[in-house]
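**Q**
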Amino acid sequence: MSDRVIEIWQDPAVVRHVDRLWVSFQQVVGRSLGDLPADLDPIERSRQIFHAPFVVVSHGTEADPIFNYANQRAIELWEFSWDEFVQLPSRLSAEPIAREERAKMLAEAADRGYISNYQGVRISKTGRRFRILDGLIWNLVDEAGQPYGQAATFQEIHCL
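Here it is as structure tokens:
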């Protein structure tokens with residue numbers, strides 16, 4: 001991995017993005033992402049979420065949404081570098097057979113604000129398959145309250 005991945009959480013754009021993830025999660029779900037203390041400064045929050053033992057990923061609002069964030073756990077799980085991950089259409093994180101199920105789940109989260117207890121099969125860059133267990137997907141908004149994308153977090157996986 002490049003040196004950029006090791007310190008990406010310090011990039012001002014990433015810190016701002018993590019802040020949006022954080023605020024949106026609190027607003028929509030009603031609790032703190034990862035149960036981290038609410039009084040962390042944004043840079044420390046970015047560091048802790050990037051190095052958390054749970055996965056956090058997000059994608060934008062494009063017609064074919066592109067991932068725009070992955071923490072270290074996600075990068076390791078999907079076996080991509082940061083630069084590869086943030087250029088990946090999020091639909092490609094699932095096998096073709098699972099993409100319709102994934103699209104329905106994202107639409108449900110868009111309608112309800114978030115969904116919990118999500119399960120789904122995903123595939124890494126090298127073809128390794130794993131099942132997400134007890135995932136939570138939520139809608140993101142920017143500082144003006146405009147749609148900014150969707151994010152997901154989960155800790156438990158089962159390798160297939």
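Going by full-length UniProt numbering, the first residue of the sequence shown is number 1, and it counts up by one from there. Cβ coordinates follow ideal geometry from the N, Cα and C atoms, glycine included.
1) What are the boundary residues of the alpha helix (DSSP H) that includes ARG73?
2) Run through DSSP, which three-state label would LEU136 get?
3) By alpha-carbon positions, which one of VAL14, TYR148, VAL55, ARG112 ends up nearest to ARG131?
4) How many angstroms separate the CA atom of SER93 from the CA atom of ILE123?
5) Using the rule of at least 16 other Cβ atoms within 10 Å of the residue's Cβ for burial, across every protein chain shown, is GLN10 buried or exposed?
6) Entirely within the stretch 46–117 and at least 3 residues each: give me those beta strand (DSSP E) ranges in chain order.
7) Would you report the Cα separation of VAL5 and LYS104, rounded to the nearest angstrom?
8) Whether or not the stretch 21–37 and the stretch 71–80 are in contact is what I'm after, with contact meaning three or more pairs of Cβ atoms, one per stretch, closer than 8 Å; do they touch?
9) Name, in chain order, the residues that DSSP records as bridge partners for VAL141.
10) Could you please give me the residues that DSSP links to ALA152 through a beta bridge?
11) GLY120 bridges to which residues according to DSSP?
12) Run the CB neighbour count on GLY120, radius 10 Å, all protein chains shown included, and call it buried at 16 or more, exposed below.
**A** So, from the data block:
1) Sequence index remark: in the sequence shown, residue 73 carries index 73 (1-based). First-last of the alpha helix (DSSP H) with ARG73: 72–78.
2) Your numbering for residue 136 matches position 136 in the sequence shown. Of the three classes helix, strand and coil, the one that applies to LEU136 here is strand, per DSSP.
3) Start at 1 with the first residue of the sequence shown, and residue 131 comes out as number 131. Checking every option, the nearest Cα to that of ARG131 belongs to VAL55.
4) Sequence index remark: in the sequence shown, residue 93 carries index 93 (1-based). Sequence index remark: in the sequence shown, residue 123 carries index 123 (1-based). Roughly 6 Å between the two C-alpha positions.
5) Looking up residue 10 in the sequence shown gives position 10. Per the 10 Å Cβ criterion, exposed.
6) 55–59, 67–70
7) Numbered from its first residue, the sequence shown carries residue 5 at position 5. Numbered from its first residue, the sequence shown carries residue 104 at position 104. Reliability of the predicted coordinates at VAL5 is poor, the pLDDT of 49 falling under 50, and the value obtained from them is presented with this limitation in mind. Those two C-alpha atoms are separated by around 32 Å.
8) no
9) Within the sequence shown, numbered from 1, the residue matching residue 141 stands at position 141. According to DSSP, which records beta bridges pairwise, VAL141 is partnered with PRO147.
10) Sequence index remark: in the sequence shown, residue 152 carries index 152 (1-based). VAL57, ILE137, per the DSSP bridge assignment.
11) Your numbering for residue 120 matches position 120 in the sequence shown. GLY120 is bridged to ILE132.
12) Counted from its first residue, the sequence shown places residue 120 at position 120. Burial call: buried.
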